[in-house]
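A.B. asks: For the sequence shown, the residue numbers in numbering that gives the first Met the number 0 are 0 to 496. The beta carbon of each residue, even a glycine, is placed where N, CA and C say it ideally should be. It should be emphasised that the depicted structure is a prediction, and the values quoted were computed from it without experimental measurement. Okay, handing you the structure first.
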Amino acid sequence: MKKILIVGGGTAGWMAAALFGRLFRGLWDIELVESEAIGTVGVGEATIPVIKEYNELIDLNEVEFMQRTQATFKLGIEFVDWFKEGERYQHGFGIIGQDWEWLRCHQYWLRANQLGRARDFGDFSINTAAARADKFMHPRIEMAESPIGHIVYAFHFDASLYAKYLRGLAEQHGAKRTEGRIVDVQTAENGDLASITMEDGRVIEADFFIDCSGFRGLLIEQTLKTGYEDWSHWLPCDRAMAVPCKRTEPLHPFTRSTARDPGWQWRIPLQHRTGNGLVYSSKHIDDDSAEKLLLANLDGEQLANPNRLRFTSGKRKKMWNRNCVALGLAAGFLEPLESTSIHLVQSAAIRLVRLFPDGKTDQATIDEFNRQSDFEWERVRDFIVLHYWANQRDGDFWEYCRNMELPETLTNKIDVWRSNGRIFRENHELFGEESWIQVFLGQGLVPRGYDPLVAIKGDLEIEQFLGNIAATIDRCLDVMPSHDEYVSKYCPAEPVA
Ligand SMILES: Cc1cc2nc3c(=O)[nH]c(=O)nc-3n(C[C@H](O)[C@H](O)[C@H](O)COP(=O)(O)OP(=O)(O)OC[C@H]3O[C@@H](n4cnc5c(N)ncnc54)[C@H](O)[C@@H]3O)c2cc1C
């Protein structure tokens with residue numbers, strides 16, 4: 000093994016180059032080929048908290064990164080009108096309340112709720128309460144007893160600036176960038192990838208290839224014909240349209256997702272502007288009507304023409320095929336409802352580091368990589384599908400979602416939840432219990448009962464327990480600064496003309 004060639008310089012390509020450059024320096028040459036003429040997809044601006052693990056691995060300076068990418072903090076996602084018109088809830092990151100004896104907080108809440116004495120479930124999450132109040136501060140790790148010790152955050156950032164920033168880091172770590180369009184890909188006699196040919200005739204050879212070429216999957220699909228698992232019967236949206244508008248006040252520390260007919264609209268607050276987009280089903284609305292719907296629902300002045308995108312939800316049958324691993328959109332696409340795509344790039348890149356080949360193609364290693372990837376993608380898919388299925392909205396699109404047959408893995412989770420409000424994180428699935436609980440409740444799936452062990456506590460005790468948690472969180476909000484104020488002190492970005 001001498002050389003790794005990364006094809007594509009979008010978020011996926013530069014994330015891979017920054018990580019491999021940092022970890023493999025001196026062992027392998029890293030070269031990245033991208034074409035400015037082809038460009039990148041240019042969307043993908045909301046993340047989830049695990050991105051901080053990647054940031055640590057590449058030695059990223061948080062302040063500098065936030066300034067250079069016009070970033071803001073993200074405490075969760077607000078879902079508006081998803082369960083039904085007029086209802087809203089937050090999927091806040093981090094813990095909810097605190098455990099009592101051996102039970103999770105939500106079990107006591109379910110009892111109080113059955114008695115008609117429960118406050119809003121969001122009042123028990125510091126992240127949700129702070130998001131609603133547009134407040135933010137970093138967690139104080141030393142305050143483990145206080146909710147302030149448990150604030151969990153991610154970022155919103157400008158996708159193009161993020162790729163540019165990572166490029167700088169990757170080049171510092173020794174990765175080489177080559178500009179130009181790839182016009183041909185050559186394979187060796189055994190079927191492995193051998194080299195690529197550029198438009199100007201240059202041939203670039205490599206031992207291992209990372210396909211980050213976006214939806215087209217230049218290596219993994221167009222050359223290796225790996226095949227695609229289509230999940231659009233579960234995730235029927237197949238189009239998106241993105242458009243920026245002027246920044247609006249206050250600067251919210253959360254992504255908003257508003258259900259529309261048919262699909263949903265995102266709003267991502269950045270320092271220099273707000274990102275907006277509509278994800279929709281082309282079977283239920285044409286592109287021009289979708290554009291009107293999106294533009295009619297912007298919070299601020301439109302700053303550019305909408306960027307139209309097409310996709311099919313699903314994934315490659317194998318993410319690693321021969322001497323090629325696909326990352327990012329080349330690997331597949333799960334729509335951005337829970338901001339998971341950048342995470343899937345990160346986790347696949349780290350998985351590859353853990354399973355990196357020593358030169359020979361080792362089928363057992365490849366199979367293990369694909370097995371772990373499939374598990375992760377399927378569980379994320381289930382979580383997203385839940386939002387669509389558990390709805391009481393009007394319209395053909397929403398009716399289809401309500402009646403679709405679910406993946407068995409999801410049905411099992413729903414059935415266990417529905418009886419006694421129990422949920423278990425399996426292996427290393429991405430979303431933990433708190434995430435599932437908030438979406439179950441937010442989407443109107445209140446379980447029939449609760450854990451029978453709740454009965455050990457008296458109803459008065461439970462009321463006091465829950466009341467104390469909510470009151471403590473209320474008091475924490477009093478000392479937290481506004482998100483706007485925090486960002487402008489901690490990581491103010493240069494104003495953009
Ligand atoms: C509508 C939408 C919203 C999204 N929102 C989110 C979100 O909020 N959060 C999140 O985590 N993710 C989100 N994503 C996903 C995120 O945008 C992608 O995961 C991420 O941008 C990775 O894209 P990429 O690098 O794989 O592909 P691209 O950005 O398409 O990059 C492809 C690269 O390949 C190069 N290339 C292709 N063909 C050739 C060739 N022949 N020769 C040379 N170079 C070539 C291009 O020049 C480019 O550099 C969203 C995606 C969509 C579609």
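So within the region 441-478, which uninterrupted beta strand (DSSP E) runs reach at least 3 residues, ignoring any that extend past its ends?
C.D. replies: Runs of the beta strand (DSSP E) spanning 3 or more residues and lying entirely within the region 441-478 do not occur at all.
A.B. asks: State the Cα-Cα distance for the pair G226 and F135, rounded to the nearest angstrom.
C.D. replies: One alpha carbon belongs to G226, the other to F135, and they sit about 44 Å apart.
A.B. asks: Considering only the alpha carbon of each residue, which of D393, E484, Q442 lies closest to E86?
C.D. replies: Q442
A.B. asks: Please report how far the alpha carbon of T186 lies from the alpha carbon of L308, in whole angstroms.
C.D. replies: 31 Å
A.B. asks: Please report how far the alpha carbon of V42 lies from the alpha carbon of K2, in whole angstroms.
C.D. replies: If you take the alpha carbons of V42 and K2, they lie about 30 Å apart.
A.B. asks: I'd like the span of the beta strand (DSSP E) that includes T196, first residue to last.
C.D. replies: 192-197
A.B. asks: So does C211 have its beta carbon nearer than 7 Å to some heavy atom of ligand 1?
C.D. replies: yes
A.B. asks: Taking all protein chains shown into account, decide if Q391 is buried (16 or more other Cβ within 10 angstroms of its Cβ) or exposed.
C.D. replies: exposed
A.B. asks: Between W230 and S346, which are expected to be in contact by the criterion C-beta below 8 Å, what is the C-beta distance as a whole number of angstroms?
C.D. replies: Contact doesn't hold; Cβ gap of about 18 Å is too wide.
A.B. asks: Spatial neighbours of I95 within its chain, please: CB distance less than 6 Å, with the 5 preceding and 5 following residues excluded, ordered by chain position.
C.D. replies: C104, F123, S124, E433
A.B. asks: Which term fits R110, buried or exposed, when burial requires 16 or more other beta carbons within 10 angstroms of its beta carbon?
C.D. replies: buried
A.B. asks: I'd like the list of long-range same chain contacts for F439, defined as Cβ closer than 6 Å, with 5 residues on each side in sequence excluded.
C.D. replies: W416
A.B. asks: Quick check on DSSP: helix, strand or coil for H283?
C.D. replies: In the three-state reduction of the DSSP assignment, H283 falls in the coil class, being assigned neither a helical nor a strand state.
A.B. asks: By DSSP's criteria, R87 is part of a beta bridge. Which residues make up the other side?
C.D. replies: Per DSSP, V79.
A.B. asks: Would you say P252 touches ligand 1, meaning its beta carbon is less than 7 Å from a heavy atom?
C.D. replies: no
A.B. asks: For I47, count the other beta carbons within 10 Å of its own beta carbon; 16 or more makes it buried, fewer makes it exposed. Which is it?
C.D. replies: Label assigned to I47: buried.
A.B. asks: Could you tell me if F64 is buried or exposed, where buried requires 16 or more neighbouring beta carbons within 10 angstroms of its beta carbon?
C.D. replies: buried
A.B. asks: Does the region 258-269 touch the region 57-76, meaning 3 or more C-beta pairs lie closer than 8 Å?
C.D. replies: yes
A.B. asks: Which residue wins for smallest C-alpha separation from V242, given the options F355, P252, G276?
C.D. replies: G276
A.B. asks: Is there at least one non-hydrogen atom of ligand 1 closer than 7 Å to the beta-carbon of P261?
C.D. replies: False, no ligand heavy atom lies under 7 Å from that Cβ.
A.B. asks: Using the Cβ count rule (16 or more neighbours within 10 Å means buried), how would you classify N126?
C.D. replies: buried
A.B. asks: I want to check one thing, is the minimum distance from the CB of F154 to the heavy atoms of ligand 1 below 7 Å?
C.D. replies: no
A.B. asks: Within 10 angstroms of the Cβ of W101, are there 16 or more other Cβ atoms? Answer buried if so, exposed if not.
C.D. replies: exposed
A.B. asks: From the DSSP output, in three-state form, read off C337 for me.
C.D. replies: The sequence as given places Glu at residue 337; Cys does not occur at that position. Looking at E337 - three-state DSSP - the assignment turns out to be helix.
A.B. asks: Runs of 4 residues minimum, wholly inside the region 99-132: which ones carry the alpha helix (DSSP H) assignment?
C.D. replies: Counting whole runs of 4 or more residues, the region 99-132 contains the alpha helix (DSSP H) stretches 104-113, 125-131.
A.B. asks: Assuming Y88 and G121 form a contact by the criterion Cβ under 8 Å, report the distance between their Cβ atoms to the nearest whole angstrom.
C.D. replies: Sure, about 7 Å apart at Cβ, within 8 Å.
A.B. asks: Quick check on DSSP: helix, strand or coil for N54?
C.D. replies: helix
A.B. asks: Our contact map puts L498 next to A174 with C-beta atoms below 8 Å; I'd like the distance itself, whole angstroms only.
C.D. replies: The structure shown does not extend to residue 498, since the chain is modelled only from 0 through 496, so no value can be given for it.
A.B. asks: Taking all protein chains shown into account, do 16 or more other C-beta atoms lie within 10 angstroms of the C-beta of V62, making it buried, or fewer, making it exposed?
C.D. replies: exposed
A.B. asks: Quick check on this structure: which residue in D210, W265, E337 has the alpha carbon closest to the alpha carbon of N320?
C.D. replies: Out of D210, W265, E337, D210 has the C-alpha closest to the C-alpha of N320.
A.B. asks: Contact check, L326 vs I383 under 8 Å by CB: the rounded distance?
C.D. replies: No, L326 and I383 are not in contact; Cβ-Cβ is about 20 Å, not under 8 Å.
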